[in-house]
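Participant: The first sequence begins at 173 in the working numbering and counts up one residue at a time. No residue lacks a Cβ here, since even glycine has one placed at the ideal position from N, Cα and C.
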Amino acid sequence: MARLRLYDTLTRETREFEPRAPGIARVYLCGPTTYDAPHVGHARSALAPDVLVRRLRRHGYQVTYVRNVTDVDDKILARARERGEAPLELSARMAGVYQEQMRALGCLDPEVEPRVSQHLPEIVALVSALIAQGHAYELEMPGGTHDVYFAVRSFAGYGRLSRRKLDDLVAGARVERDDSKRDPLDFALWKGAGRDEWGWESPWGWGRPGWHIECSAMSEKHLGFGFDIHAGGMDLVFPHHENEIAQSEAAHPGCGAMASYWLHNGFVNVDKEKMAKSLGNFVTVSDVLERNDPEALRAFLLGVQYRGPVQFDTEKLADGRVVFPGVDEAERRVDYLYAAERRLRDAFGGAMTVPAKLPPELLATRDAVSAAAKAGDEALDDDLNTPVALASLGEIARLGNELADLAWKRRKDAGFVGAASVVARSAHVALRRLADDLGLLRAPAEEYAARTRQRRLSRRGLREADVAARVLARDEARRQRDFTASDRLRDELSAAGVTLRDGPLGTEWSLEP
RNA sequence: GGCGAGGUAGCCAAGCGGUUAGGCAACGGUUUGCAAAACCGUCACACGCCGGUUCGAAUCCGGUCCUCGCCUCCA
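(1) For the beta strand (DSSP E) containing ASN714, list its first residue and its last residue.
(2) Which whole-angstrom value is the C-beta distance of ALA511 and ALA220, which I expect to be below 8 Å?
(3) Pull up the distance between the alpha-carbon of ALA599 and that of LYS363, whole angstroms please.
(4) Going by DSSP in three states, VAL476 sits in which element: helix, strand or coil?
(5) Rounded to whole angstroms, what's the CA-CA distance from ASP443 to LYS529? Just pull it up for me.
(6) VAL601: which of ALA323, ARG646 and ARG538 sits nearest, CA to CA?
(7) Can you find the residues in the same chain that come closer than 8 Å, C-beta to C-beta, to VAL223, ignoring five residues on each side of it along the sequence?
(8) With DSSP run on the structure shown, which of helix, strand or coil describes THR242?
(9) Alpha carbon to alpha carbon, how far is ALA592 from ALA429? Give it in angstroms, no decimals.
(10) Between which two residues does the beta strand (DSSP E) harbouring ASN437 extend?
(11) Would you tell me roughly how many angstroms separate the C-alpha atoms of VAL347 and ALA544, rounded to the nearest one?
(12) Under a three-way DSSP split, which group does TYR270 fall into?
(13) Our contact map puts VAL241 next to VAL457 with C-beta atoms below 8 Å; I'd like the distance itself, whole angstroms only.
(14) Would you identify the three-state DSSP class for GLN305, choosing helix, strand or coil?
(15) Whose C-alpha, out of VAL541, ARG265 and VAL238, is nearest the C-alpha of LYS393?
(16) Between which two residues does the alpha helix (DSSP H) containing ALA174 stretch?
(17) Is the separation between the beta-carbon of HIS424 and that of GLY405 shorter than 8 Å?
(18) Rank ARG226, TYR207 and LEU292 by C-alpha distance to the C-alpha of GLU254 and give the top, closest one.
(19) Mind checking GLN271: buried by the 16 CB within 10 Å criterion, or exposed?
(20) Taking DSSP's pairing of strands, which residues face GLY364 in a bridge?
(21) Using 8 Å as the cut-off, can you tell me whether the stretch 263-278 makes contact with the stretch 466-473, which would need three or more C-beta pairs spanning the two stretches below that distance?
(22) Compare the C-alpha of ARG660 against each of GLY669, ARG646, ARG653 and ALA668 and name the closest.
(23) Give me, in chain order, the residues of the same chain whose beta-carbon lies closer than 6 Å to that of VAL299; leave out the 5 immediate sequence neighbours on both sides.
(24) Select from GLU503, PHE399 and GLU487 the residue whose C-alpha is nearest the C-alpha of PHE496.
(25) Between the Cα of ARG505 and those of GLU567, ARG493 and GLN483, spot the shortest distance and give me the residue it belongs to.
(26) Hey, out of ARG336, LEU333, ASN453 and ARG175, whose CA is closest to LEU228's CA?
(27) Shortest alpha-carbon distance to GLU619 belongs to which of ASN441, ASP500, ASP674 and GLU513?
(28) If you run the structure through DSSP and keep just helix, strand and coil, what is ALA448?
(29) So for ASP674, helix, strand or coil by DSSP?
(30) Going along the chain, which residues of its own chain have a beta-carbon closer than 7 Å to the beta-carbon of CYS686, five neighbours each way excluded?
(31) Could you give the DSSP three-state label for TRP370: helix, strand or coil?
(32) Where does ALA328 sit, in a helix, a strand or coil, going by DSSP?
(33) Quick check for students: name the residue ranges of the beta strand (DSSP E) that lie wholly in the stretch 629-680, counting only runs of 3 or more.
(34) My assumption, with CB atoms under 8 Å, is that GLN290 sits in contact with PRO210. Please give the rounded CB distance.
(35) Apply the 10 Å Cβ neighbour rule to PHE322 and answer buried if 16 or more other Cβ atoms are within range, or exposed otherwise.
(36) Residues in its own chain within less than 6 Å of LEU516 by CB, not counting five upstream and five downstream?
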């Protein structure tokens, strides 16, 4: 197996993954601040590390995957006040939604999902250590409370990740002058708060941790200082990850880098603009899952390499409902993959006489399947190139269909069918393996068909029994070769969104996404 | 202003120095009572624009136009 290659934001190069400890990979993802339901952008940032973790496991690494939840934050406080809810109650509820929806999208559960509210002692200890080492200082604020700031100029490497020069940052119009801080770029490690406010006790009085310190404290707690891969959205490069590096590495002088690889996923754009809560143009995961299957959203997002931007188009129907054409397209593709998988699995059942030698056309199919499987595997090793892997998966499915067609045409030739079944079995294994690497085709094909059928029926206001009865009536007319009647019934069904397929084993029906 | 990403055939999207990426749509064909599905083929010698390097560039270099992002909360 080839080596896994990853693009590292810090060095701006793609290089082979080298674990710090042989056979072990430690991954940290900056998860969401849970004040609201996750949107499609959050899904994408969880998906990229999920594919990474699957890949690392495929390479035999024992992976520890930590995905944090920021459950202490001013936005949470503000939202909780609006709702008259306790902040931690709100954030716990939203964290639950996030976890449940990421699971629905096929993201493997992380080993640890740490929360800020459960790591106050670690945060306080880290801030204290930074003060002791002269990297941070305490300031009394006008209200009598105390803040602690990180002194960016005390850390020589500041700006390396985002390639920013301190003086450029100061020159930037958006840095607010705050004369109380030693340097306008210094950022808060601890923000003092009034006794009646949400907070915790600390050596600097009552207050809450700053935004960046929690990831330094939690990654160290669960992975130790100096781990393999740190992931997150592009927007976290500066200041969040820059600040994490400063805090963590300043606290561990002479211990090397905080992380060996920094992976940053691109955004999900709506009408060419970044999807963001602040812009109000976001589509929640629930919005999509109301209409589409979770695997469709997953396939859609994996259709673009994780670092590039994803265009998420929305379309308003005449009746006011909003649909997602790209996800619909991906869903049809998932239908296709499941159908092919099912054919490969089922169409060759029964005892077969296995020939000693495969006919040449089957030999070619077998080789083509191997080539596609290899291409998909190599694509994933090349900085998680999921679009190419998806194309390879489609190629295997196509070859499987071709094989099934061929076997059907020559069904009277037992020797050929036996040989085809041997090839089909290996194609099925290849399909399943690559699908697993992508986190697709996770359900039995029947279950997928049933759940998508139910959703599509209810969206159209149809009842399964009614449709089945009409299909049966049409089948009856057809059997009596009354094609005028059967075609009329089929047209009616088609107008209702039901597509019929007359096969050798009877008529099947399905609904478009 | 500083830093960064990107512009690929109707649409989505790989490739990043030399052999067809792939998907969707559209249109032919095989198949079918007719369809659908599946399979085959066409659309596709496409790569923002102008120069340069090279035997050869979508891929490298220089310039230029446009889009987007970060620098404030953001995945």
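Facilitator: According to the data block:
(1) In the structure as shown, the chain starts at 173 and stops at 685, and residue 714 therefore has no counterpart that could be examined.
(2) By one-based count along the first sequence, residue 511 stands at place 339. By one-based count along the first sequence, residue 220 stands at place 48. That pair is no contact at about 28 Å.
(3) As a first step, residue 599 is located in the first sequence; it is residue number 427 there, counting from the start. As a first step, residue 363 is located in the first sequence; it is residue number 191 there, counting from the start. Going by the C-alpha atoms only, they are around 58 Å apart.
(4) As a working mapping, residue 476 is identified with position 304 in the first sequence. If DSSP states are grouped into helix, strand and coil, VAL476 belongs with coil.
(5) The residue you call residue 443 lines up with position 271 of the first sequence. The residue you call residue 529 lines up with position 357 of the first sequence. Spanning the two alpha carbons is a distance of roughly 56 Å.
(6) Taking the first sequence and counting its residues from 1, the one referred to as residue 601 is at position 429. Of ALA323, ARG646 and ARG538, the residue nearest in Cα terms is ARG538.
(7) Here residue 223 refers to the residue found at position 51 when the first sequence is read from its first residue. Excluding positions up to five away in sequence, the list reads LEU474, TYR478, LEU552, LEU556, THR558, ASP609, LEU610 and GLY611.
(8) Working through the first sequence from its first residue, we reach residue 242 at position 70. THR242: strand per DSSP, three-state reduction.
(9) Taking the first sequence and counting its residues from 1, the one referred to as residue 429 is at position 257. Taking the first sequence and counting its residues from 1, the one referred to as residue 592 is at position 420. Each residue's Cα considered, the two are about 54 Å apart.
(10) Within the first sequence, residue 437 is the residue found at index 265, counting from 1. ASN437 -> beta strand (DSSP E) spans 431-437.
(11) Taking the first residue of the first sequence as 1, we reach residue 347 at position 175. Taking the first residue of the first sequence as 1, we reach residue 544 at position 372. Because the pLDDT at VAL347 is just 49, under 50, the model does not fix this residue reliably, and the value given afterwards should be weighed accordingly. Taking the straight line joining both Cα atoms gives about 51 Å.
(12) Here the question's residue 270 lines up with position 98 in the first sequence. The answer is helix: DSSP assigns TYR270 an H, G or I state.
(13) One-based indexing of the first sequence puts residue 241 at position 69. One-based indexing of the first sequence puts residue 457 at position 285. Incorrect: roughly 16 Å between the Cβ atoms, too far for contact.
(14) Translated into the one-based positions of the first sequence, residue 305 becomes position 133. Correct three-state label for GLN305: coil.
(15) If you number the first sequence from 1, residue 393 lands on position 221. Of the listed residues, the one whose Cα sits closest to LYS393 is VAL238.
(16) Here residue 174 is taken as the residue at index 2 of the first sequence, counted from 1. Segment: none, ALA174 is in no alpha helix (DSSP H) and carries neither H nor E.
(17) On the first sequence, residue 424 is found 252 positions in, with the first residue counted as 1. On the first sequence, residue 405 is found 233 positions in, with the first residue counted as 1. No, these two residues do not count as a Cβ contact at 8 Å.
(18) The residue labelled residue 254 in the question sits at position 82 within the first sequence. It is TYR207 whose Cα lies nearest to the Cα of GLU254.
(19) Against the first sequence, residue 271 aligns to sequence position 99. Buried: at least 16 other Cβ atoms inside 10 Å.
(20) For the purposes of this step, residue 364 is taken as the residue at position 192 of the first sequence. In DSSP, GLY364 forms a bridge with GLY379.
(21) yes
(22) Looking up residue 660 in the first sequence gives position 488. The residue with the shortest Cα to Cα distance from ARG660 is ARG646.
(23) Numbered from its first residue, the first sequence carries residue 299 at position 127. Here the set comprises VAL320, LEU361 and TRP362.
(24) In the first sequence, the residue the question calls residue 496 occupies position 324. Minimum Cα distance to PHE496 is reached at GLU487.
(25) By one-based count along the first sequence, residue 505 stands at place 333. That would be GLU567, whose Cα lies nearest to the Cα of ARG505.
(26) Your numbering for residue 228 matches position 56 in the first sequence. Closest by alpha carbon: ARG175.
(27) Here residue 619 refers to the residue found at position 447 of the first sequence. For GLU619, the nearest C-alpha among the options comes from GLU513.
(28) Against the first sequence, residue 448 aligns to sequence position 276. ALA448 falls in the coil class under three-state DSSP.
(29) Counted from its first residue, the first sequence places residue 674 at position 502. Correct three-state label for ASP674: strand.
(30) Here the chain comprises residues numbered 173 to 685, so residue 686 is not present and cannot be evaluated.
(31) As a first step, residue 370 must be located in the first sequence, where it is residue number 198. Three-state DSSP puts TRP370 in coil, outside helix and strand.
(32) For this step, residue 328 is matched to residue 156 along the first sequence. Of the three classes helix, strand and coil, the one that applies to ALA328 here is coil, per DSSP.
(33) 670-675
(34) Taking the first sequence and counting its residues from 1, the one referred to as residue 290 is at position 118. Taking the first sequence and counting its residues from 1, the one referred to as residue 210 is at position 38. That pair is no contact at about 21 Å.
(35) For the purposes of this step, residue 322 is identified with residue 150 of the first sequence, where counting begins at 1. Buried, by the Cβ-count rule.
(36) The residue you call residue 516 lines up with position 344 of the first sequence. If we look at LEU516 and ignore the five residues flanking it on each side, its Cβ neighbours are GLY572, ALA596, ALA599 and HIS600.
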